[in-house]
Structures are given as structure tokens and as C-alpha cells.
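Have a look at the structure below before the remarks.
Residue numbers (our numbering): 1 to 519.
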């Protein structure tokens, strides 16, 4: 008889969860079989996936320097898998409202577990939880509120550790580097926390301090991706998974060098200087280093507060975010790939402060050209065949795929829905969820022929991040008219009061760039 490999198990005492591959496999099965097709199951799948992915990134680290971290991740996913497995008979035997209540209860229990565990683990695993907190409206408000703690309110490191990092990076303890230093952080997130301080020349500043050891932790997380590779193969069967993982690794590891973040922030602050509604805090160079970055302190309302403001205020804030994203992309050739709600402060009248520029992707003009061609082909010229050729040229669609052009356009139209036709349109959380489901729809007729070129991986956060935020705000605007203002191949007239203010700013800061011609 052949030797049959045994599943890894740990002995348990009464009431202790047994950790097996089956626990994780059950969550993966929920994601594969139910997470895309049925809205109710998506809530279960989304939170369950967060738990499952912790094992993907941490399970092979046992025996290394981060044994406790690996075990915590495995236990988290095992608890989630066991929770869903033990309740599966009740789920399938229930119907209607009772089934939905049961699903939500399970998701909320797992969300509490995820928030508590990942909040202490930080790093890549916590970033997964941050994204789950806002990308899909099928999660109930209570579940999303629970996961939203991962955006800026996780357990901080001790005051002593923060002071040690500051001294190592700036050469002085914080009490001497600054005229005044608040040892209690005002925010704590995935790779660092923020302290208030006053400089010796009286400037109020925010000092972001990186967690000690987080670079080692994230590098190890990203090195152990065998299961992540398999999971991505399920959700993106035609994707070059190794290229995708390599791009994600490069971008995430760049975040660990705060000097790079400071450079990104300086670049965008210089471009948007004097903008009527976009504010980016200035960097204090002499008080910044590899693991410490200091910028002007900004106060304002958080995203959760904004959702309680009037619809008019929410629309103005949404328009500013939209303009910032696409002005950055088309004119600075840069995209901030971390658009989660914790990275904004709101001041009313459409004024928004943008924070955290660690995950910024820079594009060359040749990389941007296919994106502009696709938008022009489909939305301006209404030329489906040219749109298909642009998809093929950019590497999104396999050439000569056995698909009709109508099928290709029908599948991808949802991503262009806000800008294909003029007129006011409301972006709802239902629309943003439809975008997410379409993005991960492995059953679609074109899934096996589509892939995301490495250069554009981070840009997909427009689909998986930006529209989720706008959907949370139920933002209404003539998005097509705003896009025409920004598109280099159109350069349309101002279409809103914010657009008029922006046009005046652009006219005063420099000559308008020449239109980009294609074809």
C-alpha cells in the first residue's frame, strides 16, 4: 500500500478547534461556489476569505522567527472555517429571512475575530482586512463597521517602541527632535502609527512611525505565496499569477521606505498646490527618514462622519476624489493605489485632504496610452471593434479569442457605465458591488481569455476601491462631463462649479497641456 500523506493536525483538548486543511478548504469552497453568484453568500465569502488568506500568507512560516504570527493566522482561518462548516447544515436547511440572519450572524462573528486578530498582526494580512471593510455592500453595516476598525484604529505599539524608532531614524529622541511630542498616537494602521508633534519653529505636524520589524514581517508574508497562487488561479484562471504577485510584492515593499512615500507626497503636493479643493500636507524633509515621515498636521472629518452629512456635501467630496484620482493619473502619471476610507479628511464644500502616499504606481506615457485609447474607442468614438483591438494591444484580451465583440463589450461595459453616456448618474453601493462581482466572475464567457497586465494591477483599485467609496456616498454627478474635462484627448469645458474653480486654478498655474491625438 502506498503511503498516503496525512493532513496536518494538532492535538486538542475539549472545546479546542482542530486545525486542518479542511477548515481552510471549506472557506475556499464557499468563495468558489457561492461568493460570486449569490449576493447573500458574498457576505459570508468576503469575510471568510479574509480569514482564509491569512493562512495563505502565514502558514508556511512555522518554525521561523514569526511562529506566533503564523499560528495566530492559522487559528483565525481555522476558527472561521470551522464556524461555517459547523453551521452549513443550518444554512442549507434554512430559508428566506432566517437564512440571511444566520449568514449575517456568522459573518459578524468572523468579522469580530478578524478585526481583533489582524489588528494586532498588522502588515499584509491587515491590508486584506482593510479592503474587505469597504469593497462590497453585501456585508451588513454591522460587519463593515467592525472591519472598519482596521482602517485607522488598531492597537498601537507602545510609546517606548515608537520613541526608539524615532531616535534610531532621526538621531534624537522625539522629546528633543520636536519641541513637543505626544506619545499617544492619533491613528494606527497596517505598517505604522501617527503621532502629533510641534516642531521647534512652532509648526504642528503629524509624524508617522513605522512598526519595528514590520519590514521583515511583510517580506516574509509576501515570500510565502504558494497557496495564494493557487487561490488566484481559481479567481483569475487566465491571469499570469506570478507577474501579478510580483507586482503586488514590489508595490507593497515600496511602502516600507518612507523616503519613497515622502517623494510621492512631494510630487503630488507640488502638482496640486493651490488647488481649490485638493489639499496634500507638505513634507518636512529634515524630520523624515526611512522609517519616519513628518508632514503638516491636518484635521478634518473622517469618512464615517462624511456619510452622515447632506447629500450635497457628499456629492462635492466625491467629485473632488474623482478629480484627484484621474488628474493624478493623466497629468502626473501616478495613481495612489490605497484608496481606503482612512486616507481622507473632509472639510466641507468639497475640500478634501489626501493622506498616505506609500502605495503609488507611476506610469510611463506608453503605459497610459492604451487606457486612453480604450476610453476613447468605447465612450467617445463608440467603436467596439477598435475597443477590442485596444484591449488586445494592451494585453487585457487574448488576440483572436473565440468571442464576439458584442460579448466582450457586454461583459466590460459595467466598468465604463459611469462615463459612456452623458447625464447625471448616481453611483450606488449596489453598482460598486456589481463591479466587484464582475471583476471576479470566473464563470463569465470571457474570463479564460482575459488577464491583467502587470503594469495595470494596482490600477484595478479604481474598480475595487474608488467606486466602493463613491457608492458608500451614493454620489451623483455627470461623470461623463467631468471625465471629458480631464481626458487629454477631449479637454472639455468645465461642467460644474468645482470644475470652474479647477479650470481657473489650472489657467493660473501653467499653460494647459496640448491634447493627445490618437489614430
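Where a beta carbon is used, it is the ideal one built from N, C-alpha and C, also for glycine. Only a predicted model underlies this, so the values are computations on that prediction, with no experimental measurement involved.
| query | result |
| --- | --- |
| Looking at residue 417 and the ligand HEM, is the gap between the Cβ and the nearest heavy atom below 7 Å? | This structure lacks the ligand HEM; in fact it carries no ligand of any kind. |
| Please state the DSSP three-state secondary structure of residue 336. | strand |
| Starting from residue 419, trace the beta strand (DSSP E) in both directions and tell me its first and last residue. | Per DSSP, residue 419 belongs to no beta strand (DSSP E); it is in the alpha helix (DSSP H), 417-420. |
| Taking the straight line between their C-alpha atoms, what separation do you get for residue 61 and residue 251? | In this predicted model, residue 61 has a pLDDT of only 41, less than 50, meaning its place in the structure is not dependable enough to derive any value. |
| Taking residue 468 as the reference, give the member of 283, 294, 338 and 161 with the closest Cα. | 338 |
| Leaving out five residues on either side along the sequence, give the residues of the same chain with a beta carbon under 6 Å from the beta carbon of residue 444. | 411 |
| Quick check: the Cα distance between residue 166 and residue 293, rounded to an integer number of angstroms? | 10 Å |
| Using beta-carbon positions only, say whether residue 425 and residue 408 come within less than 8 Å of one another. | no |
| For my contact list, residue 279 and residue 353 are in at a C-beta cut-off of 8 Å; report their separation, rounded to the angstrom. | 5 Å |
| Count the other CB atoms within 10 Å of the CB of residue 361; is the residue buried (16 or more) or exposed (fewer)? | buried |
| Indicate the three-state DSSP secondary structure (helix, strand or coil) for residue 434 in the structure shown. | helix |
| So, under 8 Å CB-CB, residue 320 and residue 350 are touching, yes? Tell me the CB distance rounded to an integer number of Å. | 5 Å |
| What span of residues does the alpha helix (DSSP H) with residue 260 cover, start to end? | 258-271 |
| In whole angstroms, what separates the C-alpha of residue 471 from that of residue 432? | 6 Å |
| Which residues in the same chain have their Cβ closer than 7 Å to the Cβ of residue 201, if we skip the five residues on either side of it in sequence? | none |
| Pull up the DSSP beta-bridge partners for residue 193, would you. | 188 and 209 |
| Classify residue 19: buried if its beta carbon has 16 or more other beta carbons within 10 angstroms, exposed otherwise. | The predicted model places residue 19 with a pLDDT of 32, which falls under 50 and marks its position as unreliable, so this point remains unresolved. |
| Could you give the residue range of the alpha helix (DSSP H) that holds residue 368? | 365-375 |
| Ignore the nearest five residues each way along the sequence and tell me which others in residue 348's own chain have a CB closer than 7 Å to its CB. | 313 |
| From what residue to what residue does the alpha helix (DSSP H) around residue 288 run? | Here residue 288 belongs to no alpha helix (DSSP H), and DSSP marks it neither H nor E. |
| Would you kindly check if the distance between the Cβ of residue 173 and the Cβ of residue 187 is under 8 Å? | no |
| Have a look at residue 500 and residue 212 and give me their C-alpha separation to the nearest angstrom. | 46 Å |
| In this structure, how does DSSP classify residue 424 when only helix, strand and coil are distinguished? | coil |
| Going by the CB atoms, is the gap between residue 342 and residue 206 shorter than 8 Å? | no |
| Could you say if the region 271-286 and the region 383-390 meet the contact criterion of at least three C-beta pairs nearer than 8 Å? | no |
| According to DSSP, is residue 479 helix, strand or coil? | helix |
| Does DSSP put residue 294 in a helix, a strand or coil? | strand |
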